[in-house]
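Here my numbering runs 6 ahead of the position in the sequence shown, where the first position is 1.
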Amino acid sequence: MANNDVEVAIIGGGAAGIAAARQLHDAGISTLLIEARSRLGGRAWTMFAPSGEPIDLGCGWLHSADRNPWVAVAERQGRTIDKTRPPWFRNSHEDRFPLTEQEQFREAQHAFFERLEAMTANGIDRPASDALEPGNRWNGLINAIGTYISGTEWNRVSAIDAVRYADTEINWRVVEGYGVTIASHGVDLPMALETPVTRIDHSALRLRIETTKGIIKADRAIITLPSTVIAQTDGLFRPKLLQKTEAARGLPLGLNDKLFLSLAFAEEFDKDSRIFGCTDRTATATYHMRPFGRSIIECYFGGTLAHDLESQGEPAFFDFASKQLTDVLGSAFARRIKPIAMHLWGLDPFARGAYSFAEPGKADRRAMLAAPVDGRLFFAGEATSQASYSTAHGAYFSGMAAAQALLLARPR
Ligand SMILES: Cc1cc2nc3c(=O)[nH]c(=O)nc-3n(C[C@H](O)[C@H](O)[C@H](O)COP(=O)(O)OP(=O)(O)OC[C@H]3O[C@@H](n4cnc5c(N)ncnc54)[C@H](O)[C@@H]3O)c2cc1C
7 MANNDVEVAI IGGGAAGIAA ARQLHDAGIS TLLIEARSRL GGRAWTMFAP
57 SGEPIDLGCG WLHSADRNPW VAVAERQGRT IDKTRPPWFR NSHEDRFPLT
107 EQEQFREAQH AFFERLEAMT ANGIDRPASD ALEPGNRWNG LINAIGTYIS
157 GTEWNRVSAI DAVRYADTEI NWRVVEGYGV TIASHGVDLP MALETPVTRI
207 DHSALRLRIE TTKGIIKADR AIITLPSTVI AQTDGLFRPK LLQKTEAARG
257 LPLGLNDKLF LSLAFAEEFD KDSRIFGCTD RTATATYHMR PFGRSIIECY
307 FGGTLAHDLE SQGEPAFFDF ASKQLTDVLG SAFARRIKPI AMHLWGLDPF
357 ARGAYSFAEP GKADRRAMLA APVDGRLFFA GEATSQASYS TAHGAYFSGM
407 AAAQALLLAR PR
């Protein structure tokens with residue numbers, strides 16, 4: 007393998023790895039970005055609809071856009087930033103969800119988040135579902151929103167971790183795609199694609215990184231693998247790093263999947279509006295109608311529902327969406343939609359889920375996962391972020407922080 011002896015190996019070419027590698031490479035350090043897939047970006051992935059329009063199968067929203075470093079990257083790349091307010095801040099389509107009920111739901115959800123915050127004031131962690139008001143008619147939908155936020159239901163989520171998440175509520179998008187923006191940021195970096203790492207041996211003076219294509223030697227490494235991959239890869243570290251495995255186990259990835267549908271006679275719907283499949287239960291998808299004004303529906307599935315559908319295969323997602331949409335919009339609507347694309351993130355061996363949540367009692371695992379080992383192994387990735395976890399900008403910040411820590415630890 008060419009380039010098999012470097013100063014810094016960056017393992018994982020997603021948002022965190024690209025940000026770290028970019029910084030070190032630009033500082034003149036010999037780096038190699040080692041990535042299992044045949045493309046950069048990881049959970050950031052833009053592909054194209056048959057119409058040629060870009061589709062983000064992974065991250066799509068520049069959350070906290072007013073402090074999101076990917077905005078400047080996109081602008082430098084000459085891309086277009088769309089600042090339309092997201093559908094979740096606007097009223098939903100009124101069919102089966104009257105405006106008065108939407109208002110009641112918003113109030114119930116607001117009260118849930120206030121109770122969640124109050125509940126954590128004593129520093130004792132509990133499942134976030136303890137903040138649900140028993141018997142409240144909106145609990146099903148509040149839980150469904152939880153599955154979009156965390157990829158799992160509130161009962162599996164640490165209340166303290168949920169409250170630590172910081173968001174400025176400014177959400178923008180890149181018209182050409184978030185995934186392509188992130189991948190392009192790394193395109194000229196030294197990299198080894200299609201090179202899954204099987205072991206990181208740190209027993210000797212120099213690191214031996216074992217891959218399916220041979221061994222790479224390095225002085226230091228930044229490890230940006232998804233928490234699932236760290237938790238589930240037997241013998242990933244030699245000698246073992248039990249604290250890292252434990253930390254990663256407490257930060258599983260929830261599951262979210264997007265299904266894109268083409269939509270005929272799209273003009274009937276407002277651009278960037280939203281429909282819930284139903285409003286009285288957790289097992290519902292949410293439907294983003296005409297993103298960017300395109301003739302497309304972006305269907306979003308989360309938590310147990312997404313797991314159940316993944317176990318049945320891709321057609322089950324279309325059947326589910328089709329049933330929900332015709333229930334709301336009438337049986338003739340089925341003739342107006344066709345599946346375009348989706349990706350099963352739970353079955354993807356290099357992701358094994360969508361984004362991390364902390365289990366109750368395990369909020370501090372993020373700091374534990376982020377801590378460097380021995381001045382040689384540094385850790386980044388969305389799951390290591392305390393307040394911007396689960397996001398592409400959190401991944402970026404974590405990659406920059408790991409690169410900075412590595413620069414400080416480096417002998418001068
Ligand atoms: C459906 C969905 C919707 C989302 N929506 C948003 C959103 O709107 N906004 C937002 O900010 N975030 C969103 N996210 C989350 C966001 O995409 C991630 O938080 C972010 O991309 C994670 O970056 P990362 O670098 O930490 O991890 P990754 O992108 O997972 O990077 C890790 C890399 O490691 C590689 N890898 C895995 N195993 C190995 C191995 N053994 N050897 C070598 N390489 C390996 C992977 O292929 C991957 O490229 C979404 C995610 C999904 C799935």
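A virtual CB, placed ideally from N, CA and C, is assigned to each residue, including glycine.
In the structure shown, T126 falls within a coil segment according to DSSP collapsed to helix, strand and coil. Unbroken alpha helix (DSSP H) runs of no fewer than 4 residues, entirely contained in the stretch 49-136, are found at 75-82 and 105-125, following chain order. K219 and A172 have their alpha carbons spaced roughly 40 Å apart. Around the beta carbon of W51, 16 or more other beta carbons lie within 10 angstroms, which makes this residue buried. Taking 9 Å as the cut-off, the Cβ atoms of A408 and A376 count as close. Taking R28 as reference, the option from I343, F324, S391 and I188 with the minimal CA-CA separation is I188.
The DSSP-derived three-state label of V186 is helix.
Beta-bridge partners assigned by DSSP to W144: none are found. Within the stretch 269-325, the runs of alpha helix (DSSP H) at least 4 residues long that lie entirely inside it are, in chain order, 309-318.
In the DSSP assignment, K344 is bridged to S268.
Per the coordinates, the alpha-carbon of V12 lies some 14 Å from the alpha-carbon of L412.
Taking a cut-off of 8 Å on C-beta distances, the stretch 259-277 touches the stretch 334-344, as three or more cross pairs fall below it. T217 sits in a strand when the DSSP states are folded into three classes. For the pair M197 and A312, the Cα-to-Cα distance works out to about 33 Å. L68 places its beta carbon less than 9 Å from that of A398. In terms of Cβ geometry, L147 and T310 do not form a close pair [threshold 9 Å]. Ranked by Cα distance from F323, the options G299, D263, R371 and H294 are led by D263. Around the beta carbon of K246, fewer than 16 other beta carbons lie within 10 angstroms, which makes this residue exposed. Relative to ligand 1, the beta carbon of F324 is positioned no closer than 8 Å to any heavy atom. Annotation: F326 to V193 spans about 38 Å, alpha carbon to alpha carbon. With a threshold of 8 Å, the Cβ atom of S404 counts as near ligand 1, since some heavy atom of the ligand is closer than that.
Burial state of H116 is exposed, judged by a 10 Å Cβ sphere holding fewer than 16 other Cβ atoms.
Of all alpha-carbon atoms in E304, I87, T390 and L335, the one lying nearest the alpha-carbon of L63 is that of E304.
The closest heavy atom of ligand 1 lies less than 8 Å from the beta carbon of F356.
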